[in-house]
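Residue numbers (the numbering used here), protein chains in the order written: chain A, 302 to 649; chain B, 302 to 649; chain C, 302 to 649; chain D, 302 to 649.
Number of protein chains: 4
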Amino acid sequence: MSMVCLSDFEVYAKKYLPKTVWDYFAAGADDCTTRDENILAYKRIRFRPRMLRDVSVMDIRTKILGSEISFPVGIAPTGFHQLAWPDGEKSTARAARAMDTCYIASTYSTCTLEEISAAAPGGLRWFQLYIHRNRAASQHLVRRAEALGFQGLVLTADLPYTGKRRDDVRNGFRLPPHMKVKNLEGAFEVCKMSLLDPSVTWNDIYWLRSLTRLPIIIKGILTREDAELAVKHGVQGIIVSNHGGRQLDEGPATIDALVEVVEAVRGRVEVYVDGGIRKGSDVLKALALGAKCVFIGRPALWGLAYKGEEGLQDVLRILQDEFRLSMALAGCASVSEIGQHLVQFSKL
Amino acid sequence: MSMVCLSDFEVYAKKYLPKTVWDYFAAGADDCTTRDENILAYKRIRFRPRMLRDVSVMDIRTKILGSEISFPVGIAPTGFHQLAWPDGEKSTARAARAMDTCYIASTYSTCTLEEISAAAPGGLRWFQLYIHRNRAASQHLVRRAEALGFQGLVLTADLPYTGKRRDDVRNGFRLPPHMKVKNLEGAFEVCKMSLLDPSVTWNDIYWLRSLTRLPIIIKGILTREDAELAVKHGVQGIIVSNHGGRQLDEGPATIDALVEVVEAVRGRVEVYVDGGIRKGSDVLKALALGAKCVFIGRPALWGLAYKGEEGLQDVLRILQDEFRLSMALAGCASVSEIGQHLVQFSKL
Amino acid sequence: MSMVCLSDFEVYAKKYLPKTVWDYFAAGADDCTTRDENILAYKRIRFRPRMLRDVSVMDIRTKILGSEISFPVGIAPTGFHQLAWPDGEKSTARAARAMDTCYIASTYSTCTLEEISAAAPGGLRWFQLYIHRNRAASQHLVRRAEALGFQGLVLTADLPYTGKRRDDVRNGFRLPPHMKVKNLEGAFEVCKMSLLDPSVTWNDIYWLRSLTRLPIIIKGILTREDAELAVKHGVQGIIVSNHGGRQLDEGPATIDALVEVVEAVRGRVEVYVDGGIRKGSDVLKALALGAKCVFIGRPALWGLAYKGEEGLQDVLRILQDEFRLSMALAGCASVSEIGQHLVQFSKL
Amino acid sequence: MSMVCLSDFEVYAKKYLPKTVWDYFAAGADDCTTRDENILAYKRIRFRPRMLRDVSVMDIRTKILGSEISFPVGIAPTGFHQLAWPDGEKSTARAARAMDTCYIASTYSTCTLEEISAAAPGGLRWFQLYIHRNRAASQHLVRRAEALGFQGLVLTADLPYTGKRRDDVRNGFRLPPHMKVKNLEGAFEVCKMSLLDPSVTWNDIYWLRSLTRLPIIIKGILTREDAELAVKHGVQGIIVSNHGGRQLDEGPATIDALVEVVEAVRGRVEVYVDGGIRKGSDVLKALALGAKCVFIGRPALWGLAYKGEEGLQDVLRILQDEFRLSMALAGCASVSEIGQHLVQFSKL
């Protein structure tokens, strides 16, 4: 089987992962409309490619919150990597470092933050956080992440409760007994849903800020109103995300919401986007519409499922090559030349 | 078989109901365009969900015409419940009461109003009325309903003649001999179509009002012009409805018509909507666009077909859970926080 | 097999007609885009039905060029009816008279005008004309039609050459030897295509007018510019038509072109439409958009193929019943109440 | 098998060509969205046909850069014709001359320019050029083409690097050993990709101009900005092209881009278009939107695959007949009567 594009990895993962695991990774809320719209919305954007610009030397590096990465694609936080590959998040961390990009480790990792750090010392990593009912536990996690050299704190804002993913309900999905949400062990009893605090509000950003010097990135923003609030509450970055369509079904596709958020933010903080990225040209579209960087969720899991660290590197390398080629064919030699003039929304 | 969402009940009902009964319940007029559009139109509405609002305490109760219900979903009037379950409308009444919501009993019930009342004393119920050529018979029905404690009178306006439902014509659909339209027995010979009076006009609202102290709700309004007339003629409520797409094919989807009607009514009377509700998030969309409450037709019949009273409760409970979750994920802790800012119409 | 709607007749005809005959009747030019668009375009129009209007007495009669017909649906000119039924156009004429409507007999009939007239004396009939290279022959036909009591002359304007219908080319379609284009026998050698004169212009309307006192209706107009020219050249009526999608593929659907033509004509002459009528509600839409009457082509042939005169009456009766019901459900008791307020173009 | 329209040739070619060859000719970049959009976009354009105009004498000839051709369809540059037919580009040249139209020979021909010229002396031919890293080699090619009587130089601007065509990667596509890119032999080692110079800019047009008296046509322009630059840098013609969807996926369909380019150019240079032409009416649409001539790529290859020179003539003759018929049915007797009034963009 030759792995030419990201959907080849998807086909592989669907074939070789246990059905309940595949279903869990693939799941969208309700009718999966938003999950699928994340992808379809990219198809409605057309390039306006420019010709005869010197693209002999391509520079695809960029910076996020001051850290340079080899190209504007990072790893979004997703849970339970051991379901995809025995080494779990350790492999993810190694692949991200090898490809010189950013990995956002999830609270719901099956390796501890310490294991992740040890697996790939020096890699650029952010830590994804839910605020728990037990604030002390959340505080403890933040301090551990900071001490371990994580360089950003990503607060997920769109999960006061878990979305209704029908297949998971039908399958009675749960983590196999030999896997653990290790980061939470000891801090309190692991009883997934009840941990999360649905009473969190914007004021908790101030509390979070009081705990750490790390920059705070808020994930899950989809409207101009919330983008404005995020800036006002002092976050350093916004990830436009609908949690891969796993939370509220029939919200906007992230690439559509990006336009609204970027407009509201007016450059005051960095804006990223996740959801629906399947080709290098999707990355180019997101950047043209104002994203500083994109993050991939499911494709990273497919890469892990294929060959662990190596498979994830394959996924990233394909995206990197496709991104570089798209840039060149659109007439951009460096990321700084990418702008809104490159795209238009299709009439269809 | 696990019943996770409403379409699971649909699959069940299609499998286990006799074909002519399934066809009768499923039937739409002509090409069934409007029946299907009722559902598709919801898919063209996108949420604009808000984050980081305290949704730890959820209040999903609402009031319709002053009566509190546990959540803004009632049972629309549909005929012949014994076709779905032996106890017929008695089961429907019990389920509605158990779930603390409103049941609109149809003139074409297979149980009498008296049986329905006795089955679930104290439940909130409205009575759905057609105006018959024999006005004395209609008057008699109104008086019976009022005496039995029904709290609203729903006048169906969109059936001067019955729509052309091809499958019913092909099947030669008729009620089996052991079932009766019991409410009409005695009053006159049951010969379905000839009973209805196609000469009814807005002036008959005044006549109806002269018969009863009950609030009058008009069902079947789809235009701003008729909404204006309804208000002018003193109704207390409007149900935006196209009779489940069973009357005039290729009229508007009800959720689209709702926008027009709500705008015309400007809060002077309560506006409800039926048709196409299949998920809790559909309820949220309808409320965001100005409906005070929605009513479900076919899904209630599927619930009955599944397990009678219990099955209908399952259907209502799923909708209730989904509605509560959608509200929370959209950032609303109570029904009063739902507004038009939550939705936008998709470009597609 | 129960015949409930027009597509039942289509299914029958496709099953029982010889393939080359079916293909000839069904044929559209090139990719058949316009043929199919004629139907799809109706689906993009939504009714705005009005309620509680007295529809107890329905009047669906109308007048075209001063002649009353039982409802606003006539028979469009199509060729070679003997391919569908042995009695050919004689059956068509009888059915039209029985249903009290107008039949436009084609030049390419397989019965003579005299046979058609004799088959159904007193029926309302118009004669469809092509202008031939041999003007004397055309003149002769006009005079025959007038003498036989035809009450209108329909000039087809959209066939300077025959459209490219791929299936007919593949099938090598030609009339079987025992059938003749009888109207043209004697006048000149029948060699179909070379007869038609592609040099015809608007000035030939003046020539035609000089030959006859009959009103002239022009068929095949699709633009406001040509509608204006038609009025200027003194025609009495316009049939908006694309020849059933058999001539120039990818022109407008007729119901879309109707809007443009009606607007340009501003009531100065009557406007009719053909193409894509499959339901009574399509007729209602066409009238709401300004057509005085519609004409059906292929559905008439399906009716003939089903049971000759009787089958065509079935088709017309179904359309009539559906039209009456649609009117009532939309709140119109007579044709004069139909107006543009009844419809809107769907956003989809 | 009767060859009635271009897709008949496509079916033939797909059936009889080796799979890797078919895949190479059919390939589009990435998801093939733009390849397919080139065709679909034509379907969204509707004609506004005019009636009763004298179309008895049809004149479909036109001129490109002063040379008369029998109708406005030429052969776009495509590589490796020997893959389709043993005589390769020699057959192409003969067919183009026989049909009295223009053939743009590709740098990547499997026959030399000298062989092509000798095969069809006197034919109208342009030469398609890439600028290579080795400028002397490019210069040599230009001089050879000029000396051989080629009458235009087509600079391809959209291939600084080759697009990602997944099937070619999977198939490991390469020219079979017995075929050669003969034009490049001797000049330098044939190692396809490294030859092309991705540093080419608009200034190189000046350099090219310094080498030759031939008119320069630039191919691959898709935006108004680049059209303006092309005019400013003194080209004589622009071919609106996306390389058949083989380079940057999800750019605009060429017929959509044509509108933008024609508007920007304001008649200062001739504008042509390629991509998606499958019917004579597509040619008419392109001319109505301002193209002086269209060029066909894949359909020419299908013609070659069918019967070499003869097959390609069949393809051209079908397009010619269809174009003439479309013109007549739209009411145009000569190319000069074609204008924007003939078309409108469909709402769908």
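By construction, the Cβ of each residue, glycine as well, lies at the ideal position given by its N, Cα and C atoms. Remember, predicted model here, so these are calculated numbers, not experimental data.
Nearest CB-CB separation between C:E571 and chain D: not below the 8 Å threshold. Bounds of any alpha helix (DSSP H) do not take in A:V636, whose DSSP letter is neither H nor E. According to the DSSP assignment, A:V562 belongs to no beta strand (DSSP E) but to the alpha helix (DSSP H) extending over T555 to V566.
With contacts defined by Cβ atoms closer than 8 Å, A:V443 and A:T379 do not form a contacting pair. For A:L512, no chain B residue has a C-beta closer than 7 Å to its own C-beta; the minimum C-beta separation is roughly 17 Å. Judged by beta-carbon spacing, B:M628 lies beyond the 8 Å limit of B:L559, meaning their Cβ atoms are not closer than that value. A check of alpha carbon separations from A:L497 across B:F372, B:V356 and B:A592 identifies B:V356 as the nearest. The C-beta distance from A:L620 to A:A396 rounds to 12 Å, too long to fall under 8 Å, and the pair is not in contact. Taking C-beta separations shorter than 7 Å and ignoring five residues to either side along the sequence, the partners of B:R445 in its chain run L414, following chain order. Your pair A:G535 and A:R567 does not check out as a contact, with CB atoms roughly 16 Å apart and the cut at 8 Å. Within the segment 540–619 of chain B, the complete beta strand (DSSP E) segments at least 3 residues long are 571–575 and 594–597, listed from N- to C-terminus. Under the DSSP assignment, A:L366 falls outside any alpha helix (DSSP H); it carries neither an H nor an E label. Taking a C-beta cut-off of 7 Å against chain D, the contacting residues of the segment 350–365 of chain A are P350, R351, M352, L353, R354, D355, V356 and S357, listed in chain order.
With its beta carbon at least 8 Å from every one in chain C, B:E564 lies outside the interface. The criterion of a C-beta distance shorter than 8 Å is not satisfied by A:I376 and A:I346. Judged by DSSP in its simplified three-state form, A:L485 adopts helix. Contact annotation: in the segment 332–348 of chain C, residues whose CB is within less than 9 Å of a CB in chain B are Y343, K344, I346, R347 and F348.
Within the segment 374–447 of chain A, complete beta strand (DSSP E) segments of at least 3 residues are found at 374–376, 404–406 and 426–430, given in chain order.
Here A:Q645 is bridged, per DSSP, to A:R347. Taking a C-beta distance under 8 Å as the contact criterion, C:Y343 and C:W603 do not qualify as a contact pair.
The beta-carbon of D:P553 is placed less than 8 Å from the nearest beta-carbon of chain A. By the Cβ rule, the segment 318–333 of chain D does not count as touching the segment 363–376 of chain B, because fewer than three pairs are nearer than 8 Å. Contact annotation for C:V584 against chain B: no contact, minimum CB-CB distance about 12 Å [criterion: below 7 Å]. Restricting attention to A:L549, A:L617 and A:C594, the CA atom closest to the CA of A:D459 is found in A:L549.
Rounded to whole angstroms, the separation of the alpha carbons of A:I417 and A:W508 is 26 Å.
In terms of Cβ geometry, D:N339 and D:T524 do not form a close pair [threshold 8 Å]. Looking from the CA of C:F428, the closest CA among C:P516, C:R362 and C:P373 belongs to C:P516. DSSP places D:D337 in the helix class (H, G or I) of the three-state scheme. Take C:I361, set aside five residues on each side of it, and the residues of its chain with a beta-carbon closer than 8 Å to its own are S371, F372, P373, Q621, F624, R625, M628, S635 and V636, in chain order. For A:I506, the closest alpha carbon among the candidates A:I539, A:K593 and A:H479 is that of A:I539. Taking the beta carbon of A:D459 as reference, the chain B residues within 8 Å of it are P350, M352 and L630, listed in sequence order. In the same chain as A:G424, and ignoring 5 residues on each side of it, the C-beta atoms closer than 7 Å to its own belong to A394, A397, R398 and Y404, in chain order. Only residues of its own chain outside the window of five on either side were considered, and among them P378, T379, G380 and Q429 have a CB closer than 7 Å to the CB of A:S407, listed in chain order. Not a single CB atom of chain D sits nearer than 8 Å to the CB of A:E311. If you draw a 10 Å sphere on the C-beta of A:M302, you find fewer than 16 other C-beta atoms in it, and that means exposed. With fewer than 16 neighbouring CB atoms inside 10 Å of its own CB, A:F646 falls in the exposed class.
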